[in-house]
Amino acid sequence: MAANLRFDGRVVIVTGAGGGLGRSHALAFGARGASVVVNDLGASHTGEGASSRAADVVVEEIRAAGGKAVANYDSVLDGDKIVETAMKAFGRVDIVINNAGILKDVSFARMTDQQWDLIFQVHVDGAYKVLKAAWPIFRKQKFGRIINTTSAAGLYGNFGQANYSAAKLALVGLTQTLALEGKKENITCNVIAPMAASRMTETVLPPDMLASLKPEMVTPLVEYLCHEDTTETGSIFEVGAGFVGKLRWERTGGHGFPINQDLFPEHIKEEWSKITDFEDGRTTHPTSTGESMEAIMANFENVANGGARPKVVSDDGKVD
Ligand code: NAI
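Here the sequence shown stands for residues 128 to 447, numbered as in the working numbering.
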């Protein structure tokens with residue numbers, strides 16, 4: 128086994144750390160030497176109410192185990208206040224774990240503007256607010272580690288979660304851009320799609336499954352990614368029940384149509400099997416906008432012989 132990964136002298140903010148995954152992250156960092164800001168609004172899993180108890184209990188747990196922790200009860204929407212708590216108590220911030228979250232599940236047909244907005248506020252604006260306040264500190268000290276929390280619902284979609292999936296995928300975009308913008312200053316940013324038993328999942332998953340889905344099986348990846356020796360950045364991981372895997376985009380080899388000829392939907396139909404074929408050995412895995420553009424740029428050279436004769440569609444729908 129590798130040497131212990133320690134966080135002595137590091138200050139970690141964990142949002143939504145009063146229960147579930149956040150609590151597990153906070154306890155683990157506290158046990159490995161970090162000073163922890165345990166943020167939690169103490170709301171219900173659908174965002175109602177507020178109580179200082181959730182954060183206080185976790186702070187006590189960390190202290191009882193010999194660690195250092197303070198509580199913060201602000202909403203992540205007041206992310207600057209959470210960062211202020213860290214600065215006042217410990218004088219620095221090194222790691223931000225954006226974990227706070229709520230659900231407002233309802234079919235898209237019945238979703239209200241308020242249910243849409245609230246989910247975006249807590250997940251997207253909340254992560255933004257905390258990071259916006261921590262970012263200048265990270266840049267100045269040339270060190271920062273960020274974990275955002277997405278969801279399989281964001282990566283793949285999920286019935287009844289249009290608001291939640293859209294907000295969760297927004298965090299993937301945020302992660303990938305901050306990874307690029309932070310690179311020069313030794314700021315890494317990764318995003319996890321966890322699966323764990325918590326009050327958020329206890330009503331939707333069967334009890335025998337929940338027993339195998341301990342939050343403590345997600346936290347070690349978070350710790351590894353936040354260690355000062357880890358340089359991984361801009362990556363998406365699926366993690367739960369002891370499984371850890373990395374995700375990437377895959378693009379088909381596709382089809383390039385001549386650039387000097389008109390393109391009609393009938394041409395798309397003709398080449399559809401090529402456009403959508405992931406099994407023909409021509410797939411690629413773009414990792415940046417530059418690599419994404421390569422295929423499009425390469426098609427600039429795709430000039431059909433015989434000049435710019437526009438293709439036409441005859442009355443019977445056939446392409447000539
Ligand atoms: P949880 O409900 O146990 O924990 C979320 C915590 O965030 C709660 O303690 C809550 O009080 C806090 N919170 C809510 N709104 C807040 C606000 N505005 N400001 C500060 N704190 C706030 O749920 P769980 O499962 O631990 O979720 C943690 C994160 O993981 C969430 O972002 C969730 O969307 C995500 N996630 C969880 C999955 C799972 O299987 N448990 C699956 C996919 C994603």
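The beta carbon of each residue, even a glycine, is placed where N, CA and C say it ideally should be.
Neighbour-count burial assignment, residue i, 16 or more Cβ in a 10 Å radius
i, result
"Arg436", "Here Arg436 scores only 48 on pLDDT, less than 50, and its place in the model is too uncertain to base an answer on."
"Val164", "buried"
"Asp167", "buried"
"Trp399", "exposed"
"Ala306", "buried"
"Pro263", "exposed"
"Gly149", "buried"
DSSP three-state assignment for residue i, whether helix, strand or coil
i, result
"Ser278", "coil"
"Val164", "strand"
"Asn460", "Missing from the structure shown is residue 460; the chain here goes from 128 to 447 and no further."
"Glu365", "strand"
"Lys396", "helix"
"Gly147", "helix"
"Leu374", "strand"
"Pro321", "strand"
"Ser229", "For the record, residue 229 in the displayed sequence is Ile; it is not Ser. Coil at Ile229, not helix or strand."
"Val349", "helix"
"Ala177", "coil"
"Ile386", "coil"
"Val141", "strand"
"Ala293", "helix"
"Lys195", "strand"
"Thr330", "coil"
"Gly136", "coil"
Distance between residue j and residue i (C-alpha atoms, nearest Å)
i, j, result
"Phe270", "Phe364", "22 Å"
"Glu428", "Gly383", "10 Å"
"Ala279", "Asn432", "47 Å"
"Gly160", "Arg378", "43 Å"
"Thr239", "Asn290", "10 Å"
"Cys353", "Ala293", "26 Å"
"Glu355", "Pro333", "38 Å"
"Val318", "Arg137", "20 Å"
"Gly145", "Asp201", "12 Å"
"Ser234", "Asp244", "15 Å"
"Pro392", "Pro413", "26 Å"
"Gly367", "Lys341", "8 Å"
"Val251", "Thr277", "10 Å"
"Thr403", "Ala261", "42 Å"
"Asn225", "Ile395", "42 Å"
Residue from the options with nearest C-alpha to residue i
i, options, result
"Asn387", "Gly228, Glu329 and Val430", "Val430"
"Thr142", "Ala320, Asn275, Leu230 and Ala324", "Asn275"
"Val249", "Gly174, Glu188 and Ala236", "Gly174"
"Gly228", "Thr416, Gly369 and Thr328", "Thr328"
"Ala198", "Ala181, Thr414 and Asp205", "Ala181"
"Thr357", "Pro413, Arg272 and Trp262", "Arg272"
"Asp135", "Asp221, Ser362, Leu348 and Arg237", "Asp221"
"Ala422", "Leu390, Gly380, Gly253 and Gly309", "Gly380"
- Query: Just checking, does the region 198 to 216 make contact with the region 312 to 324 on the three C-beta pairs under 8 Å criterion?
  - Reply: No: fewer than three Cβ pairs fall under 8 Å.
- Message: For the structure I just gave you, are there three or more beta carbon pairs, one from the region 297 to 307 and one from the region 322 to 335, closer than 8 Å?
- Response: no
- Message: Could you check whether the region 143 to 162 touches the region 189 to 208, counting it as contact only if at least three pairs of C-beta atoms, one from each stretch, sit closer than 8 Å?
- Response: yes
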